[in-house]
Every structure is written in C-alpha cells, then in structure tokens.
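Undergrad: Numbering (our numbering), first residue to last: 196 to 655.
If you scroll down you'll find the structure; I have some questions about it.
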Amino acid sequence: MIKKHVLINAVEHKGRADPKAVLGKVISENKELRSKIPEILREIEEIVKEINSLDLEDQKKLLREIYPEYFQKRKTKRIKELPDLPHSGEVITRLPPEPNGYIHIGHGLSFFFNWYYARKYNGKVILRFDDTNPSKEKKEYYDSIKEDIKWLGIDWDIEKKESENVERYYFYAKELIKREKAYVCECDEEKIHRDRFEMRECRCRERGIEENLKLFELLKKGEIRGVLRLKGDMRSRNTAMRDPTLFRINLDPHPIVGNKYKLWPLYDFACAIEDAEVTHVLRDNEFHFRIEVQNYIRECLGLKQPFVREYSRFSVRGTPTAKRKIRPLIEKNIVKGWDDVRLVTIRGLKRRGILPQTVHELGREIGLSTAEPVIDWSIIESINRKLLDPIAKRFFFVGNPKELIVENAPEKIIKLRMHPTEDLGERTLRVGKKFFIPDIKEKEIRLKDLFNVRIIEYGE
C-alpha cells in the first residue's frame, strides 16, 4: 500500500514524491495506522528515497505493474461547455454596459456568455457603451468598466459609444417619420401614461410627414417640448408596444459630447439600431417585453434581426446586485464603497479574493438557464476554492495566541513546503523551545511533525 501511494505521488509531481503528502494518503486509506505514525513515516521515507532515484518513466512503469487501476481511473476532466447556438458565417456579439456605475457579477456573467460564443465561433466582440442618458452617465465609469472587463479576462475587438452616434440615430428617426412609423407628440407625460393605460391613441398621431419632420428639427434644437414616439399598437397586450417613446429632450451635459445634443434616443431605439450590426444577442429576460419593440423598429427600417437568446436574471442570496439598490447603501455609509467585499460588484469580488476564472466557471455551471437562479455565496466560494487550491501557498497564524515553553526542546532549522502537493517552494523556520498556540484548555496537544506536548502548567 505504501509503495503504491509513493509511486502515485511521484508520478503526479514530476518524479518527486513527498513523504508527508504520502503519509496523509496512507493514513486516509488505513486509519488504524494512526497509532504508528512515527514508524510508518520512517518506512515511507525509505521508500521515497528508492522511488525518487528512478526516472519518471520507470516510476510510471512500476506503478502500472502494481496498481494498473490508477491509469484506468485517470481521465481528463472535461470542462463544462455551454450549448451550441445557431450560426452561419461570422458571429458578432456585444458587451453593452451603461456607464452609470460599477459593474457587478450579473454583468460579468452576461459579458462572459457573449464573449464565450464570439470566441467559440472565431467571431468578434463589440464593447458598446449604452450612454444616451446624460443625467446618469459619468466619465469615471467608462474607465472603470473597461478595467473590470479586462480583469475578468474578457477582451473585445471593437469599441464604440452610442453618444458618438447620435447623428446616425437622427437619420433613422427621420426615416421612421418618412415611412409614417413615428410622430412627434407634445402631450405631457401624465397624458401619455393615461392614454397607454386606457389604450387610447393620441391626436398627435394624426400629423402628416412634413409637419412631423419640422417638429423633429425643433425638438433637436430644444425649441419645443415633446417626444418622438413610435406608431406601435395601442391595443397590444404588451404595454411596451403602445406607442413607446423613442427620443426625448435632455439638457444635462454629457461626459463625452458635452452640450452638443439636446435630443437623445432612449434605450429601445439606440439598442435596436446598434443590435442590427450584431448576429447574436445573449441577455437576461429583464428586457423580454422590449424585444418586440426593438424587432419592430428594425422591421420598419428594413434592418437585420439578430438571433436573441434570453436567460433568467441572476441574483446572489443576501446581497443586492442592482446599481439602484447599491447606490443608496453607499450614500448612507452602510457599505464602504463599490468595492466593499460584501457586494457582488466586480471590484468587491476582486477585493474578496475571488478569481476572474471563477466567474467563467460559474457561467458554465449555471448556463443559459430560464429558471430563476439564486446563487449562494457558498457556490461562488466553492468554485473559487477549487481554482485557488493548486496555486495558493500555505501560511498559518495563531488566533488569540498563548506562549508555550517546551522544556529541553532542541533548536533546529526546518523547511516547510509552501503547498502539500504542488511545487510552490519552501520557507525556512528556526524553532526552539518557545511556541505560540491558540488559547485552549487541552492537557495534551501535538505540534504536528515535531513532537507531542503534555501541558503541566498554564500561565496567565
């Protein structure tokens, strides 16, 4: 049995077996040997010397002779992959953050899915800032978002900002007007809301093309109050289709283009235009009712329709993910900032010690689920632990320490492995008669791999 474990340890560690690692395996297989640890360890050390003197191929040959089952058991662990998507030709996906806060794990998973499929099919990834609301966007978030996406190990091929594309949106807005699919509405917000609720068409809908084009130019200059609305279906069961607003006036300065524009496209319009340039859209079902609106806008303009795959929105048990919920916590000093380790912002995860690859593995694990996945912290930590274990050096500390004096203990210099199985180096310690142990009331303790101690007096 001992020789088997020595050979396994040697084969798995480039021909160098470690006696202490082997001891753990031997005791695990036969717990009755615990009472004979010193003798067993000496026997292991002798066998280790013998096995380590062989080259790796001879070690494998010997292991195959005495324990062939080892090679039958060892199969390459298959990385869990996401399901295939329909595709033909080049695949183009997008990462569409809004620069109004720091991104969180939900964004990270969404970005991973879109990046994953683009890379799987040798396609392209577009980083597109959805920044058409001057009231919310801030310059600092553009940079922080890019930093966080890079930290996640996600790259992109093209970068763009919707705020730099406003003239293009104006062009398509006028195309909708010319095709009698959009109109300028000067009603106040309360009336628009009431008409939608009562499924009643607004009288502004009756305006002709020329009048709408003139009013649209006045809207652009901020010379009249009003909005541009899509001619949808006021009797639709999907309330999002009841003549949704496409453009509205916003006089706040924009962090990128300043005061250049007064009339800004809303999410549905800008997204509909931009997504015509991608082939696949993977997003959570928060936008489920908006898909019909965006598809209809593209249909009216004769633009391409992307393939859309929805999945359920993710939540982490016991912590908010939405920026609108996190921001008040920061303002009230309940949490210390966007990188507070209690949050699931990417910066919070990073400070907590979560690896970027953990987000990738979590994405593979939960997949494009249509259920409502509530992710427990323990799942994130379990995945992270598996990734950290083979690369993390081992250190120790003594909580609430008490000094322990071991009489007649010899002074010696010892070397401790930084990892029980991986070759991560060693550290050197000088030991003598003084030790520190946790504040316990045991009469006998074991200083592992050193000696057993019987406590005869506790000092206060």
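For every residue, glycine included, the Cβ atom is placed at its ideal position computed from N, Cα and C.
Note that the coordinates shown come from a computational prediction; the quantities given were computed from them, not determined experimentally.
Classify E276 as helix, strand or coil using the three-state DSSP reduction.
TA: Counting from 1 along the sequence shown, the entry for residue 276 is found at position 81. Residue state, collapsed to three classes: coil.
Undergrad: When the Cα atoms are used, what is the spatial distance from L413 to G403?
TA: Residue mapping note: residue 413 aligns to position 218 of the sequence shown, counting from 1. Residue mapping note: residue 403 aligns to position 208 of the sequence shown, counting from 1. The straight-line gap from Cα to Cα measures roughly 16 Å.
Undergrad: Can you give me the start and stop residues for the beta strand (DSSP E) that A212 sits inside?
TA: In the sequence shown, counting from the first residue as 1, residue 212 sits at position 17. Note, A212: premise wrong, no beta strand (DSSP E); not H, not E.
Undergrad: Using a 10 Å radius around the Cβ and a threshold of 16 neighbouring Cβ atoms, would you call H200 buried or exposed?
TA: Here residue 200 refers to the residue found at position 5 of the sequence shown. H200 should be labelled buried.
Undergrad: Label P291 either buried or exposed according to how many other C-beta atoms from any shown protein chain fall within 10 Å of its C-beta, with 16 as the threshold for buried.
TA: Taking the first residue of the sequence shown as 1, we reach residue 291 at position 96. When all chains shown are included, P291 counts as buried.
Undergrad: Which residues mark the beginning and the end of the alpha helix (DSSP H) in which E551 is found?
TA: Translated into positions along the sequence shown, residue 551 becomes position 356. Looking at the sequence provided, one finds Pro at residue 551 rather than Glu. Looking at the DSSP string, the run of the alpha helix (DSSP H) that includes P551 is P551 to I561.
Undergrad: For the beta strand (DSSP E) containing K607, name the first residue and the last one.
TA: Residue 607 sits at position 412 when you count from the first residue of the sequence shown. Element bounds for K607: K607 to R612.
Undergrad: Opposite K355 in the DSSP bridges: which residues?
TA: Against the sequence shown, residue 355 aligns to sequence position 160. BP columns for K355 point to R323.
Undergrad: Just grab the DSSP bridge partners of L660 for me.
TA: Here the chain comprises residues numbered 196 to 655, so residue 660 is not present and cannot be evaluated.
Undergrad: CB-CB under 7 Å to L538, same chain, minus the five flanking residues each way: which ones, in chain order?
TA: Residue mapping note: residue 538 aligns to position 343 of the sequence shown, counting from 1. Here the set comprises T514, I521 and V530.
Undergrad: Can you tell me the Cα-Cα spacing of L236 and E260, whole angstroms?
TA: As a position in the sequence shown, residue 236 is number 41, starting the count at 1. As a position in the sequence shown, residue 260 is number 65, starting the count at 1. If I take the Cα positions, the gap works out to 24 Å.
Undergrad: Kindly indicate the opening and closing residues of the alpha helix (DSSP H) around L410.
TA: Residue 410 sits at position 215 when you count from the first residue of the sequence shown. From DSSP, the alpha helix (DSSP H) with L410 extends over I404 to K416.
Undergrad: Assess, as a yes-or-no matter, whether the stretch 318 to 333 is touched by the stretch 281 to 290 under the definition of 3 or more beta carbon pairs within less than 8 Å.
TA: The stretch 281 to 290, when compared against the stretch 318 to 333, does touch it at the 8 Å Cβ threshold.
Undergrad: Just how far apart, CA to CA, sit E472 and W572?
TA: Taking the first residue of the sequence shown as position 1, residue 472 is located at position 277. Taking the first residue of the sequence shown as position 1, residue 572 is located at position 377. So the alpha carbons of these two residues sit roughly 37 Å apart.
Undergrad: Between D534, L557 and T553, which lies nearest to L546 when the distance is taken from Cα to Cα?
TA: Here residue 546 refers to the residue found at position 351 when the sequence shown is read from its first residue. The identity of residue 546 in the sequence shown is Arg, whereas the question assumes Leu. Closest option to R546, Cα to Cα, is D534.
Undergrad: If you draw a straight line from the alpha carbon of P281 to that of E505, how long is it in whole angstroms?
TA: On the sequence shown, position 86 is the one that residue 281 refers to. On the sequence shown, position 310 is the one that residue 505 refers to. Their backbone Cα atoms lie some 14 Å apart in a straight line.
Undergrad: Tell me whether H282 sits in a helix, a strand or coil according to DSSP, three-state version.
TA: The sequence position of residue 282 within the sequence shown is 87, counting from 1. Note: H282 maps to coil in three-state DSSP.
Undergrad: Measuring CB to CB, does L477 end up less than 8 Å from S283?
TA: By one-based count along the sequence shown, residue 477 stands at place 282. By one-based count along the sequence shown, residue 283 stands at place 88. Against a cut-off of 8 Å, the Cβ pair of S283 and L477 comes out as no contact.
Undergrad: Below 7 Å CB to CB, which residues in the same chain sit around S339 once its five sequence neighbours on both sides are set aside?
TA: Along the sequence shown, read from residue 1 onward, the residue named residue 339 stands at position 144. Only Y297 meet the Cβ criterion.
Undergrad: What did DSSP end up calling R289 once you bin it into helix, strand or coil?
TA: Residue numbering aside, residue 289 sits at position 94 when the sequence shown is read from its first letter. Reduced to three states, the DSSP call for R289 is strand.
Undergrad: Can C382 be considered in contact with the ligand PLP, in the sense that its beta carbon sits closer than 7 Å to one or more heavy atoms?
TA: Of ligands this structure carries none, so the ligand PLP is not represented either.
Undergrad: When the Cα of V243 is compared with those of A216, L228 and I574, which residue comes out closest?
TA: For the purposes of this step, residue 243 is taken as residue 48 along the sequence shown, with counting starting at 1. Nearest of A216, L228 and I574 to V243, Cα basis: A216.
Undergrad: By Cβ distance below 6 Å, which residues in the same chain neighbour G301 in space, the five residues on each side in sequence not counted?
TA: Here residue 301 is taken as the residue at index 106 of the sequence shown, counted from 1. Here the set comprises F509 and T516.
Undergrad: Of all the options P633, I578 and H475, which has the alpha carbon lying nearest to the alpha carbon of H555?
TA: For the purposes of this step, residue 555 is identified with residue 360 of the sequence shown, where counting begins at 1. With distances taken between Cα atoms, H555 lies closest to I578.
Undergrad: Mark E447 as exposed unless 16 or more other C-beta atoms lie within 10 angstroms of its C-beta, in which case mark it buried.
TA: To locate residue 447, count along the sequence shown from 1; it is residue 252. The question names Glu, yet the displayed sequence has Asp at residue 447. Flag for D447 reads exposed.
Undergrad: Check for me: the beta strand (DSSP E) holding I261 runs from which residue to which?
TA: As a first step, residue 261 must be located in the sequence shown, where it is residue number 66. Segment L251 to I261 is the alpha helix (DSSP H) holding I261; no beta strand (DSSP E) there.
Undergrad: Please check the pair Y456 and V361, which I expect to be a contact at CB under 8 Å, by giving their CB distance rounded to whole angstroms.
TA: Reading the sequence shown from its first residue, position 261 is the one you call residue 456. Reading the sequence shown from its first residue, position 166 is the one you call residue 361. Their Cβ separation, rounded to whole angstroms, is 5 Å, which keeps Y456 and V361 in contact under 8 Å.
Undergrad: Can you give me the Cβ contacts of W351 inside the same chain, cut-off strictly under 6 Å, excluding the 5 residues immediately before and after it?
TA: Here residue 351 refers to the residue found at position 156 when the sequence shown is read from its first residue. These residues qualify, in order along the chain: V320 and L322.
Undergrad: Is the beta carbon of C466 sitting closer than 8 Å to the one on V422?
TA: The residue you call residue 466 lines up with position 271 of the sequence shown. The residue you call residue 422 lines up with position 227 of the sequence shown. Their beta carbons are not under 8 Å apart, which means C466 does not touch V422 by this criterion.
Undergrad: Assign E655 to one of three DSSP states: helix, strand, or coil.
TA: Your numbering for residue 655 matches position 460 in the sequence shown. Caution is warranted here: a pLDDT of 46 is assigned to E655, below 50, making its placement in the model unreliable, and no coordinate value can be reported.
Undergrad: Report the three-state DSSP secondary structure of S577 (helix, strand or coil).
TA: To locate residue 577, count along the sequence shown from 1; it is residue 382. Note: S577 maps to helix in three-state DSSP.
Undergrad: Apart from the five residues on each side of it in sequence, which residues of its chain come closer than 7 Å, Cβ to Cβ, to S358?
TA: Looking up residue 358 in the sequence shown gives position 163. Result list for S358: D326, T327, H449, I451 and V452, in chain order.
Undergrad: Does E655 pass the burial test, meaning 16 or more other C-beta atoms within 10 Å, or should it be called exposed?
TA: Looking up residue 655 in the sequence shown gives position 460. Low confidence applies here, because E655 scores a pLDDT of 46, under 50, leaving its location unreliable; read the following figure in that light. Answer is exposed; the Cβ neighbour count stays below 16.
Undergrad: Do you know how far the Cα of I344 is from the Cα of F308?
TA: Taking the first residue of the sequence shown as 1, we reach residue 308 at position 113. Taking the first residue of the sequence shown as 1, we reach residue 344 at position 149. So the two alpha carbons sit approximately 13 Å from each other.
Undergrad: Using a Cβ-Cβ cutoff of less than 6 Å, which residues in the same chain neighbour K628 once the five nearest sequence positions on both sides are dropped?
TA: Taking the sequence shown and counting its residues from 1, the one referred to as residue 628 is at position 433. Taken in chain order, the residues that qualify are I600, V601 and A604.
Undergrad: DSSP on S339, reduced to helix/strand/coil?
TA: Translated into positions along the sequence shown, residue 339 becomes position 144. Note: S339 maps to helix in three-state DSSP.
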